[in-house]
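Visitor:
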Amino acid sequence: MAAPQRGDLSASERKILQLIATGDVQEAAQLLASKEVRVNCLDEYGMTPLMHAAYKGKADICRLLLQHGADVNCNQHEYGYTALMFAGLSGKTDITSMMLDAGAETEMVNSVGRTAAQMAAFVGQHDCVTVITNFFSRAKLEYYTKPQGLEKEPRLPPRLAGPLHKVIMTTNLNPVKIVLLVKEHPVLVDMTALEKCYQVMDMLCEQCVKQEDINEVLAMKMHYISCVLQKCLAFLHKQDDNLDALVKSLLKGRDSDGFPQYQEKFIRDCIRKFPYCEATLLQQLVRSIAPVEIGNEPTAFSVLNQAVTGQMAIVDADYCATCGERGAQKRCSLCKAVTYCSVTCQKLHWFTHKKMCRSLQEQDADLEKDAPKFKELKDDESNLVMETANFLQQLCLRAEEQVAAAGGCPAQLLAGPSTSAQGPSCTQD
Ligand SMILES: [Zn+2]
Ligand SMILES: [Zn+2]
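Just so we're aligned: the sequence shown equals residues 2 to 430 in this note's numbering.
#1: Take the Cβ of residue 159 as the centre, count every other Cβ of all protein chains shown within 10 Å, and call the residue buried at 16 or more, exposed below.
#2: Does the distance from the CB of residue 62 to the CB of residue 97 come in under 8 Å?
#3: Buried or exposed: residue 126, going by 16 or more other Cβ atoms within 10 Å of its Cβ?
#4: What number of angstroms, rounded off, separates the C-alpha of residue 58 from the C-alpha of residue 218?
#5: Excluding the five sequence neighbours on either side, which residues of its own chain have a C-beta within less than 8 Å of the C-beta of residue 234, listed in chain order?
#6: Taking a contact to mean a Cβ-Cβ separation below 8 Å, would you say residue 131 touches residue 6 in this structure?
#7: Report buried or exposed for residue 258, applying the criterion of at least 16 other Cβ atoms within 10 angstroms of its Cβ.
#8: Which whole-angstrom value is the C-beta distance of residue 20 and residue 29, which I expect to be below 8 Å?
#9: Is it buried or exposed for residue 273, if we count other Cβ within 10 angstroms and need 16 for buried?
#10: Buried or exposed: residue 245, going by 16 or more other Cβ atoms within 10 Å of its Cβ?
#11: Just mark residue 11 as buried or exposed, buried being the case when its beta carbon has 16 or more other beta carbons within 10 Å.
#12: In chain order, what are the residues with a CB under 6 Å from some non-hydrogen atom of ligand 1?
#13: Taking the alpha helix (DSSP H) that residue 301 belongs to, which residues open and close that run?
#14: Going by C-alpha distance, which of 140, 215, 77 and 93 is nearest residue 279?
#15: Return the residue from the list 201, 229 and 269 that minimises the CA-CA distance to residue 177.
#16: Have a look at residue 31 and residue 175 and give me their C-alpha separation to the nearest angstrom.
#17: Does ligand 2 have a heavy atom nearer than 7 Å to the CB of residue 40?
#18: Suppose contacts are defined by Cβ-Cβ distances below 8 Å. Is residue 121 in contact with residue 90 by that definition?
#19: What does the alpha-carbon distance come out to for the pair residue 190 and residue 64?
#20: Quick check on DSSP: helix, strand or coil for residue 323?
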């Protein structure tokens, strides 16, 4: 059969485009089953039914079209847009993930040289950007579930691939969240399993750095997850059989202000241990974090999270105080100053929050007395977040100059308690 031509649509094919617009899944399913529709037919602009469905945010119809063999990488569109680009423009993260799972190429560019992630960023669909830039195909992980070369057994037992892939795909890098993800999969809460998993993560990290189109962001994420898995392993070793003690350590606030110091130090340590000194991203992170005293903003977590997921801290969004999930709706009923995504998370946090809850209640009362001041405080806060974000962006822009200028390993800056380091220096050991 000849390849579909632009605008060469049968009556049934025109009909299916209408059904996509109205979102009528059942009728679309019947029409597709009747074989009167070529699933990759093109309208006058070169758009396939899948592109239409992705752009209009119709997840069920996208799924249906993919089941009928829709080509996720078709790029006959007049400006070279792909279904993934349309999904990103629509702002639907579920459809964006679906396109990626179906094998959408992330590096394809449109007629003005933009990738799907860049297009989504351009229209402010940052959640879709995060989904695209954090995507890691299950197939790449499954490579390790088969013995390679002279290996007698695979590096990763096949039963661990699914759970580990779930952990890799997280777009919430809060260490508590990652430990909770590990706990959700009992096969991972095991010393041998964790050892295999973190070793595979280290190999994936190396691959991201050594491959031709080097991906430092993904390398950092792989390394960071490896560090969290190693931490889980260390706690299992200390008889913390269900990792509760680890979660507590990560959440525990210091006496003076409730700041989770152990967590901050842990994340700084992870960054410092990134094995590729010459990475621009490492230098950026270190420069942002090293001058900050522990307990001040930005936290190591916010800097790392912004660099890896591309998500900026949104002042108005409610993040869970325990696991960092966005859209947390439940508030501590006493102080109303902290939010949680679930009762479980609130319970996990109480042992340390209770020490701060009363003083937060008092602060709350003070603020109510003086409402305008509260508003000012919030503005200041949002300015600070924007400034930090701008600063990080500028660092990104200057990244290439930094590579040229940097002589060695900036990670040393994070090593000591003092911030008086003169500049990047690397010890050879
Ligand atoms: Zn939570
Ligand atoms: Zn409270």
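Note that the Cβ used here is the ideal one computed from N, Cα and C, for glycine as well.
Guide: Put simply:
#1: exposed
#2: no
#3: buried
#4: 28 Å
#5: 192, 195, 196 and 199
#6: no
#7: exposed
#8: 4 Å
#9: buried
#10: exposed
#11: exposed
#12: 321, 323, 324, 326, 341, 342, 343 and 346
#13: 301 to 310
#14: 215
#15: 229
#16: 45 Å
#17: no
#18: yes
#19: 34 Å
#20: coil
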